[in-house]
Amino acid sequence: MEKVKKKLSENILDKISMDFLRNQVLKNAYGNDDTVIAKLDPRILLVWYLFFAIVPWFVNDVVFLAGCFILVAATTILARVAGLVLVLFGLGVFSQTGYMFIVSLFFGGNWETIVPLLIMTLKVATVSLASVTVFSGLDPDRLSNGLMWYGCPERLSFSISYAYRMLPMLMEEFQNVLLSYRLRGNAPDSTTFGGKVKYLIYQIKVIVHAFYPLMLNTAKRSRTTVEALEIKGYRYAAVNKEVKKMKLSSLKVGYNDMMFAAISFLCVAVTIFTTTII
Amino acid sequence: MNIIEIKDLTFTYPGAGKPTLNKINLQIEKGDFVAVIGNNGCGKSTLCKVMNGLIPHFITGEFEGSVMAGGINTQESDIGELARTVGYVYQDFENQIVRPTVLDDASYACMNYAMKDYKERGMEALKQCGLTGRENDYIWQLSGGQTHLLALAGAVSLQPDVLILDEPIAQLDPHHADLIYEILKDLNEKYNKTIIVIEHHTEYIADYCKNVILLKDGHVEWTLPSADALCRVEELKQCNIYPPQVTLAAYELEHKGRIRDIEILPSTIEEGKKIFEGLLHKNTDKKEKSDLTKGEACVTYENVFVSYRAVKGEANKIFENLNLKLYEGEKIALIGSNGAGKSTLMKLMTGLIKPSSGQVILKDKKVKDTKPEQLSRYVSLVYQNPEDMFIKDSIESDIAFAMQVRNEENWQERTERLLERFRLAELKNRDGRLLSGGQMRRASLAIGIALNPEILLLDEPTANLDIATRKEIMSTLNDMKSITKTVMIATHDMQLVCEWAERIIVLYHGRVIADGTRDEIFGNKEVINKVGIRPPEIFTMGQTLDSNAFCYTVNEFVEQFV
């Protein structure tokens, strides 16, 4: 018991340290560029996503939804999504509908009450997993190219890939600022229960405060970046159709893309077939 | 043929009282390798931005006169066209890189200007800048030196005739600094590029540059061949520029009448050898030895293992079985190349990084069992990047912060005193980020000692500073010797090491491979070569003349050689 208590009382900054968070975020953004999913054509993947993000909302058939869920879960595994994202996903789904599902089981719920909840949970889970696969499995740069092909403004796609380049720097800087607060600040004593609550509040406060210096530092940096973009012809490219064509010429639908689309189609077809038979 | 021609140029920033550039007339020949020198704020960067058209096209102001770059009048052209004639690498070059991967960034400009073969151009630029093989790496996987090379490659990819670099080596260790200059030399000789550098390191000017332009109060004072330029010792010193140590030594010796009849002062070791040949070394015979009776250890590292989580693959091992003792009152310099584990060693003391096995003991406290907040009473760490230390909106409240939240007695007075001591009283209401490099550094030092720590850790306190500011910080550090008992500095700056440290610890791939006084370290050729330490130029000069000579400053050299 004593051990469990100690474990629980360890605080957020120690347990889920910034270092750990940073590592997870980076892993998610850069660590899985060699997976099957990452190599797919972003355009195909976006259409695929559109299907699994919209269709489940309009279907209420358990078998179909379960089929979709299994398919999407398989792609998530293929994309090797970082652990933290999956934990967040699990928490999200559970807090939406999952808990009701369990509660109803406890309070004498029968098949009739469970089915609608199961359907709801499956819907939410499928849609969120599809988003996780596409937005974290695909590297942001390819994603932004895909979006641009579908006519999203150049500015949006540039912002996505720029954020992708800046992310590690910002995380490191945030970590340093946070450490400054930590080393110079005076944390409340956390031996008693009241102290622990105070300590938690203190830590959240520090995290919020740390954003202010981070923003100022970023603003300072951006001066050079803006000038450099000008020199590198960013504005010139934004109005030139030729450049857009060149950028998008790297997108090619290959054998793997066809296979992926075919397998997904097949799975969906099989589930539809199964429901009609049942 | 002149590649740059500036006639009667006057430029005033909007709202500024007087012009930053005043009646500039300047010609730079094609194929030149030229250094622009001058005091802080004399308009060096502004001059360079005039050449690539950022002024007046992007930064507006009052502009008079004419600027021709590669035969194009910058006022009549646009930035796009000029970018293909003049390439620019910023001092804060990492902010110039906008794409996530190496090849992407190198070819980005070519793609934007709709060049069909942009990938090949990017590859070519990477080859010219010595980055072949790193094409698919992410930006954050590169070292500082490589990042700089990439920024250069981004400019080179458009194959401009002129390349301008704003303080290219300010942030780099000597090994990377050499690398950058070798590549610039290559670009200059093999590819016939005109190179313009803003540079404070006169040793590099002596080794690489053909001509020097001195800017003073917004006008060109003179343009001279490097050797002549560096001999003008008094004039340069007035502008806060320090000629190479060899030149300074010859200048002093000439004044004292010990060397005569020299046409031109030497600026490199090779030249120095000829000039100083006749001098004899006065054997001083007192080599500094490590004091072996050191008393109680205040920090002990016992069998420490540390590794970092990697984004991909295995964790990176930083330390394997590190054992080290630090004693009270020591002034320690920690040296070693980038990535040798210097910062990690310091962060272990503050409890910010925990060893995977082994332990760090501070006096009688185990770091593992103590919260970093409590350790901060004993140990204080000043980051390499001072901006990360500013968490309040004025430096006064930044300095006061730690004392205030701990309810220290008379914290107001103590803040007041610290502001005085670090000459920040007049700036106390300013945001730290908006101060100049030297002021920022002083403010971060003041923040670091606010809690009167027993151990002060400084990460690269003189990085990114021009030589004059560096000297200023060095004297501040010497002043501080009396305030804090034990101080450890991690640095690449060997002049700082020689003039300040009493004990030097050399890290190499996570191991301590040498530990001792400056004589013991710099006298050990094996270690020097292995780690790639570059002793101050004057030390090497002394050694070349007589292997028994250990002189670390120009004054010592002048005293010892008669």
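Protein chains in written order, with our numbering: chain A, 11 to 288; chain B, 455 to 1016. Where is the CB? At the ideal position from N, CA and C, for every residue including glycine. Keep in mind the model is a prediction, meaning the values are calculated, not measured.
Query, Result
"Val556 (chain B) CB to nearest heavy atom of the ligand MN below 8 Å", "The ligand MN is absent from the structure shown, which contains no ligand whatsoever."
"Own chain, CB closer than 7 Å to Ser19 (chain A), minus 5 neighbours either side, in chain order", "Because Ser19 (chain A) sits at a pLDDT of 43, beneath the cut-off of 50, its placement in the model cannot be relied upon, and the point is left open."
"Chain-order list of residues whose beta-carbon lies under 7 Å from that of Gly795 (chain B) (same chain, five-residue window excluded)", "Ile772, Phe773, Leu961 and Gly964"
"Closest by C-alpha distance to Phe993 (chain B), when choosing among B:Val985, B:Lys984 and B:Ile975", "B:Ile975"
"Amino acids of chain A, ordered along the chain, whose beta-carbon sits closer than 7 Å to that of Asp842 (chain B)", "Glu183, Asn186, Val187 and Ser190"
"Three-state class that DSSP yields for Arg965 (chain B) in the structure shown", "strand"
"Where Leu397 (chain B) falls, given that 16 or more other Cβ within 10 Å makes a residue buried", "An answer regarding residue 397 (chain B) cannot be provided, because it is not within the stretch 455 to 1016 covered by chain B."
"CA-to-CA distance, His654 (chain B) to Val556 (chain B), given in whole angstroms", "29 Å"
"Validate contact between the region 143-157 of chain A and the region 44-61 of chain A using beta carbons, cut 8 Å, 3 pairs", "yes"
"Anticipated Cβ contact below 8 Å, Pro622 (chain B) with Val543 (chain B), distance rounded", "7 Å"
"Proximity of Lys461 (chain B) and Asn479 (chain B) at Cβ, strictly below 9 Å", "yes"
"Interface flag, Ala922 (chain B) vs chain A, CB-CB below 9 Å", "no"
"Cut-off 6 Å between Cβ atoms - residues of its own chain near Asp920 (chain B), not counting five sequence neighbours on either side", "His654"
"Local conformation of Tyr662 (chain B) per DSSP, three classes", "helix"
"Nearest-angstrom Cα separation, counted from Leu617 (chain B) out to Thr804 (chain B)", "43 Å"
"Helix, strand or coil at Glu12 (chain A) according to DSSP, with G and I counted as helix", "Unreliable placement is indicated for Glu12 (chain A), whose pLDDT of 49 sits below 50; no coordinate value is reported for it."
"C-alpha gap between Leu23 (chain A) and Leu153 (chain A), whole angstroms", "In this prediction, Leu23 (chain A) scores a pLDDT of 46, lower than 50, which makes its location untrustworthy; the coordinate-derived value is nonetheless stated afterwards. The alpha-carbon atoms of Leu23 (chain A) and Leu153 (chain A) are separated by roughly 32 Å."
"Cβ-Cβ distance between Leu910 (chain B) and Val941 (chain B) below 9 Å", "yes"
"Amino acids of chain B, ordered along the chain, whose beta-carbon sits closer than 8 Å to that of Arg165 (chain A)", "Correct list: empty, because the minimum Cβ distance to chain B is about 13 Å."
"Chain-order list of residues whose beta-carbon lies under 6 Å from that of Asn775 (chain B) (same chain, five-residue window excluded)", "Asn757"
"Ile458 (chain B) classed as buried or exposed, judged by whether at least 16 other C-beta atoms fall within 10 angstroms", "buried"
"With 16 other Cβ atoms within 10 Å as the buried cut-off, status of Tyr97 (chain A)", "Before going on, a small fix: residue 97 (chain A) reads as Val here, not Tyr. By the neighbour-count rule (16 or more Cβ atoms within 10 Å), Val97 (chain A) is not buried but exposed."
"Proximal residues of chain A, C-beta to C-beta of Asp546 (chain B) below 8 Å", "Arg231 and Thr234"
"Meets three-Cβ-pair contact criterion under 8 Å: the region 560-575 of chain B and the region 506-515 of chain B", "no"
"Touching by the beta-carbon criterion (3+ pairs, under 8 Å), the region 247-257 of chain A and the region 187-202 of chain A", "no"
"Candidates B:Asn549, B:Thr464, B:Leu799 and B:Leu734: closest to Ser1001 (chain B) by CA position", "B:Leu734"
"Cutoff 9 Å: Lys25 (chain A) Cβ touching any chain B Cβ", "In this predicted model, Lys25 (chain A) has a pLDDT of only 49, less than 50, meaning its place in the structure is not dependable enough to derive any value."
"Pairwise C-alpha distance: Thr539 (chain B) and Val814 (chain B)", "56 Å"
"Leu606 (chain B) (DSSP reduced to helix, strand or coil)", "helix"
"Coil, strand or helix - Ala904 (chain B) by DSSP", "coil"
"Proximity to Ala900 (chain B) [Cα-Cα], best of B:Ile987, B:Pro840 and B:Glu548", "B:Pro840"
"Candidates B:Val760, B:Ala922, B:Leu536 and B:Thr998: closest to Ile695 (chain B) by CA position", "B:Ala922"
"Interfacial residues, the region 583-594 of chain B to chain A, with Cβ spacing under 8 Å", "Tyr592, Ile593 and Trp594"
"Through-space distance from Pro720 (chain B) to Leu239 (chain A), alpha-carbon basis", "43 Å"
"Best match in B:Glu518, B:Leu606, B:Ala683 and B:Glu643 for proximity to Ala489 (chain B) [C-alpha to C-alpha]", "B:Ala683"
"Nearest-angstrom beta carbon gap, Ile807 (chain B) and Thr798 (chain B) [assumed within contact, 8 Å]", "6 Å"
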